[in-house]
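Engineer:
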Amino acid sequence: MIQVLIAEDDPMVAQINQQYVEAIPGFHVQAIANAPEAALREVQANRPDLILLDIYMPGMTGLELLKNIRLLNKSIDVIVISAANDMASVRKALQYGAVDYLMKPFQFERFQQALLSYQRRYEMYVRSSEVNQGEIDELFFSREKKAIRKVLPKGLTKETLKLVWLSVEKWTEDDFSADDISFHSGVSRVSVRKYLSFLQEIGVLEERVSYGSVGRPQTRCRILKQKQNQVRSYID
Numbered sequence: 007m008i009q010v011l012i013a014e015d016d017p018m019v020a021q022i023n024q025q026y027v028e029a030i031p032g033f034h035v036q037a038i039a040n041a042p043e044a045a046l047r048e049v050q051a052n053r054p055d056l057i058l059l060d061i062y063m064p065g066m067t068g069l070e071l072l073k074n075i076r077l078l079n080k081s082i083d084v085i086v087i088s089a090a091n092d093m094a095s096v097r098k099a100l101q102y103g104a105v106d107y108l109m110k111p112f113q114f115e116r117f118q119q120a121l122l123s124y125q126r127r128y129e130m131y132v133r134s135s136e137v138n139q140g141e142i143d144e145l146f147f148s149r150e151k152k153a154i155r156k157v158l159p160k161g162l163t164k165e166t167l168k169l170v171w172l173s174v175e176k177w178t179e180d181d182f183s184a185d186d187i188s189f190h191s192g193v194s195r196v197s198v199r200k201y202l203s204f205l206q207e208i209g210v211l212e213e214r215v216s217y218g219s220v221g222r223p224q225t226r227c228r229i230l231k232q233k234q235n236q237v238r239s240y241i242d
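Our numbering puts the first residue of the sequence shown at 7, with every later residue one more than the last.
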């Protein structure tokens with residue numbers, strides 16, 4: 007579970023951001039700080055994985071807070087969420103290591119995109135101590151890859167595909183059924199079957215029939231790991 011600190015001085019905005027965060031599987035709001043000093047104390051006490059950071063806050067600005075966090079040598083990622091639209095703020099946020107920058111007001115889809123992109127990055131961090139060039143390219147050039155995004159077949163949506171694929175990626179056993187993914191994603195079994203069929207068509211999944219001791223044979227799928235990056239061009 008990715009632990010999130012929301013640094014936002016407007017209580018209503020902070021509450022909306024919390025609802026948005028907790029609507030995305032795999033994220034949990036660890037704390038809300040309504041001032042930079044409170045955020046800094048939370049960072050030192052509990053060290054969240056990710057901070058959603060506003061720039062315009064009383065006293066110390068969000069960018070000054072980010073600078074102080076870097077001086078503490080804390081390995082914490084930051085997504086800036088702010089009304090600040092000047093290039094100087096954007097540039098400074100990038101220089102201090104922000105992984106994304108959302109301008110207020112924003113749509114939930116853009117917020118979800120930022121967190122799902124970060125989730126993939128985070129999972130890469132914790133998965134292994136060494137990476138290959140393809141994984142490095144994924145970290146540094148994921149935005150550029152959106153330019154070659156592919157179109158889904160009629161009747162399928164990017165949002166539902168993301169939910170299904172997230173559950174598939176998180177599945178810990180060797181194979182899974184449509185019922186398994188339906189239960190974990192909240193997507194209906196009929197819809198899950200359509201998306202699993204599509205994933206088989208693009209070569210990301212392979213299907214096999216499992217014969218149990220009783221009952222009808224069950225269709226199960228497993229990821230072809232060497233092909234799984236192909237999904238990104240449909241959902242990023």
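Idealized CB from N, CA, C, for every residue including glycine.
Between the segment 126-145 and the segment 59-77, do three or more beta carbon pairs fall short of 8 Å?
Structural biologist: no
Engineer: Just to confirm my understanding: we take I38, look at its own chain, exclude 5 residues before and 5 after, and list those with CB closer than 6 Å. What are they?
Structural biologist: I12, A20
Engineer: According to the Cβ coordinates, are G68 and V86 closer than 9 Å?
Structural biologist: yes
Engineer: In whole angstroms, what separates the C-alpha of P159 from that of A45?
Structural biologist: One C-alpha to the other measures close to 45 Å.
Engineer: What residues in its chain sit with their C-beta under 7 Å from that of E141, if we drop five residues either side in the sequence?
Structural biologist: Once the five neighbours on either side are set aside, the close Cβ partners of E141 are M130.
Engineer: Nearest CA to the CA of W177: which residue from C227, R214, L167, I208?
Structural biologist: C227
Engineer: By the 10 Å Cβ neighbour count, where 16 or more other Cβ atoms means buried, how is K231 classified, buried or exposed?
Structural biologist: exposed
Engineer: Can you tell me whether E150 is helix, strand or coil according to DSSP?
Structural biologist: Low local confidence applies: a pLDDT of 48 at E150 is under 50, so the model's placement there is unreliable, and no value is given.
Engineer: Below 8 Å on the Cβ atoms is my guess for V10 versus L72; work out the distance and round it to an integer in Å.
Structural biologist: Under the criterion of beta carbons closer than 8 Å, V10 and L72 do not qualify as touching, at roughly 15 Å.
Engineer: Of the choices S239, K168, S81, G103, whose alpha-carbon is the least far from that of N52?
Structural biologist: S81
Engineer: Mind checking M63: buried by the 16 CB within 10 Å criterion, or exposed?
Structural biologist: buried
Engineer: Suppose you measure from the CA of I154 to the CA of P17; what does that come to, to the nearest Å?
Structural biologist: Caution is warranted here: a pLDDT of 45 is assigned to I154, below 50, making its placement in the model unreliable, and the coordinate value is therefore given only provisionally. For I154 and P17, the distance between alpha carbons rounds to 39 Å.
Engineer: Whose C-alpha, out of R214, Q118, V170, is nearest the C-alpha of F204?
Structural biologist: V170
Engineer: Considering S88, what are the terminal residues of the alpha helix (DSSP H) in which it resides?
Structural biologist: Where S88 is concerned, there is no enclosing alpha helix (DSSP H), although the beta strand (DSSP E) it sits in stretches over 83-88.
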